[in-house]
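For the sequence shown, my numbering gives the first residue as 142, with consecutive numbering after it.
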Amino acid sequence: MSGYRDVALFFLLALLWGGSFVSIEVGLDYYPPILYAAYRFDVAAVALLSYVLFTESSPLPRTRGDLAAIGFSGGLSVAVNNSLLFVGQQYTTSGIAAITYSLVPIATAAVAALWIGGTNLDARGAVGVVLAFVGVGLVAQPDPSNLAGGVTIGVGLISVGVLAVAVGSVGLRTVETSFSSIALTGWAMGFGALLIHGLSLGLGETQRLPATELPALAALGFLGLLASAVAYTIYFTLLGRLGAFEINLVSYVVPVVATVTGALLLEEPVTPLTVAGFAVIVVGFGLLKRHAIATEAPKLLARVGGLF
Numbered sequence: 142m143s144g145y146r147d148v149a150l151f152f153l154l155a156l157l158w159g160g161s162f163v164s165i166e167v168g169l170d171y172y173p174p175i176l177y178a179a180y181r182f183d184v185a186a187v188a189l190l191s192y193v194l195f196t197e198s199s200p201l202p203r204t205r206g207d208l209a210a211i212g213f214s215g216g217l218s219v220a221v222n223n224s225l226l227f228v229g230q231q232y233t234t235s236g237i238a239a240i241t242y243s244l245v246p247i248a249t250a251a252v253a254a255l256w257i258g259g260t261n262l263d264a265r266g267a268v269g270v271v272l273a274f275v276g277v278g279l280v281a282q283p284d285p286s287n288l289a290g291g292v293t294i295g296v297g298l299i300s301v302g303v304l305a306v307a308v309g310s311v312g313l314r315t316v317e318t319s320f321s322s323i324a325l326t327g328w329a330m331g332f333g334a335l336l337i338h339g340l341s342l343g344l345g346e347t348q349r350l351p352a353t354e355l356p357a358l359a360a361l362g363f364l365g366l367l368a369s370a371v372a373y374t375i376y377f378t379l380l381g382r383l384g385a386f387e388i389n390l391v392s393y394v395v396p397v398v399a400t401v402t403g404a405l406l407l408e409e410p411v412t413p414l415t416v417a418g419f420a421v422i423v424v425g426f427g428l429l430k431r432h433a434i435a436t437e438a439p440k441l442l443a444r445v446g447g448l449f
């Protein structure tokens, strides 16, 4: 029975994270992008920290390692990444943004190899990393006459955000924490929200209260509650049960959800270059993670086979 539950949670996570890119597109019609990102994590932090404070015996940061972890996660993975993501999505579709974001596991492996070593990034793995970034180049649909505009600039901004996530994730491996991953995520969201609000003010965005129009409320509620607080709780639950390799596969289901949902709800176009770029990114992931695939694929097949 737990196997069915894990599969259901895996696809629910993909639906929530895939839908988040569509919700960003909807909300950008009502907010300046960075302020919108700040409101997302205001909602998420309040929800997740309320849950943590009521359910955990040691929810508060107590050590330097805790503070360093909040800095890495809140400063890079939340603040820098989401500021660039929300600004970048002004220039892209939901699907293109999600496909670009599927670089996270690949970029994280590359950063880990450079920073802490021990990841066995051999020649084929390096080719996989290069292929992944070539795939993003295809997704960006570069126009030689307008490289500073259109989809290209959006994909470029989101790609820098992906690198921020990778650096933040690897940085977390270098520190020891005294509280749970869910508690860390809640405090990081709160810290990141404060940083994003400061950036919004510093850049001169028009400050306004959350919009009351139904699409804006629905998009912000979905982003803050479902795609952030609930989704990250599911993520850490599955991470403990399935392991890092299997849960990282969600990165390649999310773009499909985002692309299909964006096409159906927002009539966003899906071009052959977008599909080709995503395929190249997946091939790059396969090369980079071929040893893990050889080890984990039989376990995954056995797990799926046990459901039927």
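Note that CB positions come from ideal geometry on N, CA and C, so glycine has one too.
Query	Result
Curious, which full-length beta strand (DSSP E) runs of at least 3 residues does the segment 380 to 427 contain?	none
Taking the Cβ atom as the reference point for each residue, do L414 and V280 lie within a distance shorter than 8 Å?	yes
Which class does L344 belong to by DSSP, given the choice of helix, strand or coil?	coil
Using three-state DSSP, classify S243 as helix, strand or coil.	coil
My output table needs one value for E166: the three-state DSSP class, helix, strand or coil.	helix
For the alpha helix (DSSP H) holding R314, just list the boundary residues, first then last.	291 to 314
Exposed or buried, Y145, counting other C-beta atoms within 10 Å across all chains shown (16 or more means buried)?	exposed
Report yes if the C-beta distance between I240 and F426 is below 8 Å; otherwise report no.	no
Report yes or no: do three or more beta-carbon pairs, one from the segment 348 to 366 and one from the segment 152 to 170, lie closer than 8 Å?	yes
How about the segment 200 to 210 and the segment 371 to 382: do they share at least three Cβ pairs that are nearer than 8 Å?	no
With a threshold of 7 Å on Cβ separation, who are the neighbours of Y171 within its own chain once the five nearest residues in sequence on each side are excluded?	A352, E354, A357
Could you check if R314 is buried or exposed, using at least 16 other CB atoms within 10 Å of its CB as the buried criterion?	exposed
Thinking C-beta only, is G309 closer than 8 Å to L501?	Any property of residue 501 remains undetermined from this structure, which presents the chain solely from 142 to 449.
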